[in-house]
DNA sequence: TTTGTTCATTGAAATATTACGATTAAATAG
DNA sequence: CTATTTAATCGTAATATTTCAATGAACAAA
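Residue numbers (the working numbering), protein chains in the order written: chain A, 0 to 109; chain B, 0 to 109.
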């Protein structure tokens with residue numbers, strides 16, 4: 000147990016869950032928000048910006064990178080991160096239709 | 000450790016994470032999708048619809064109910080669930096601006 | 001009343017996630 | 001070459017999540 004039974008669900012449902020997981024921790028939300036606010040690459044100052052230890056930030060960045068939502072380029076001795084526009088749009092195309100479903104209920108029994 | 004350091008983040012960041020967590024498991028995505036598809040209350044057949052044990056479904060329903068995204072009414076011997084429209088809209092108002100941020104980068108160093 | 005149905009709760013086991021100290025790797029500066 | 005800086009990785013500890021068998025509570029039907 001403790002193991003998500005992925006095979007019981009559709010690809011779409013698993014994909015929605017996978018992307019949602021990226022935003023399911025405030026540190027990752029904060030990292031992404033900072034990348035948007037800066038509106039360019041962030042080189043190095045993420046550890047100062049967010050108040051967590053360097054290995055922790057590094058781990059969150061790794062997860063976001065594995066999902067493809069951000070990308071990192073080595074810039075001398077530091078690493079620069081930014082949003083991966085294409086994959087961010089892919090994520091939006093997956094999540095928005097789910098979140099934006101129509102709420103008109105034909106019959107309301109509740 | 001293993002404990003999210005909520006106090007390091009803004010209320011908005013914690014709220015985004017909290018809502019995203021609702022969608023971070025395919026079973027909960029499937030439950031919500033079924034409620035949307037049926038477009039009315041679902042009484043009972045969620046366990047058959049999703050292939051997980053009854054206590055597991057019950058727990059996922061509990062989490063969605065605690066977040067306010069769904070509501071349940073007792074209907075004789077069964078319980079009817081449906082989307083809570085008002086809170087679903089609140090959730091959308093929190094998540095959509097985050098997901099829909101502008102992607103025009105002034106300078107691109109990546 | 002007894003039996004069956006439906007769903008919540010409890011308890012426990014397994015896996016996942018979060019966090020950080022210590023270390024390593026790579027690049028630069030002197 | 002050595003020291004410094006920056007970030008990834010390793011190892012580990014703590015908490016969280018997922019799952020389900022067993023049980024309980026509420027109600028309906030017999």
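Ideal Cβ placement from N, Cα and C applies to all residues, glycine included.
- Annotation: residue 96/B has no Cβ neighbours in chain A at a cutoff of 7 Å; minimum Cβ distance is about 11 Å.
- Residue contact check for residue 64/A against chain B: no CB pair falls below 7 Å.
- Within the DSSP bridge table, the entry for residue 57/A names no partner.
- Under the three-state reduction of DSSP, residue 72/B is assigned to strand.
- Across the structure, residue 84/A and residue 9/B are spaced so that their CA atoms are roughly 25 Å apart.
- Rounded to the nearest whole angstrom, the C-alpha separation of residue 18/B and residue 75/B is 31 Å.
- Between residue 31/B and residue 81/B a beta carbon distance of about 11 Å is seen, past the 8 Å cut, so the two are scored as non-contacting.
- Within the region 82-93 of chain A, contact with chain B at the beta-carbon level (separation under 8 Å) is assigned to 82, 84, 87, 88, 90 and 91.
- In this structure, the CA atom of residue 47/A is about 14 Å from the CA atom of residue 37/A.
- The residues 30, 45, 69, 71 and 80, in chain order, have a CB closer than 8 Å to that of residue 60/B in the same chain once the five nearest residues on each side in sequence are set aside.
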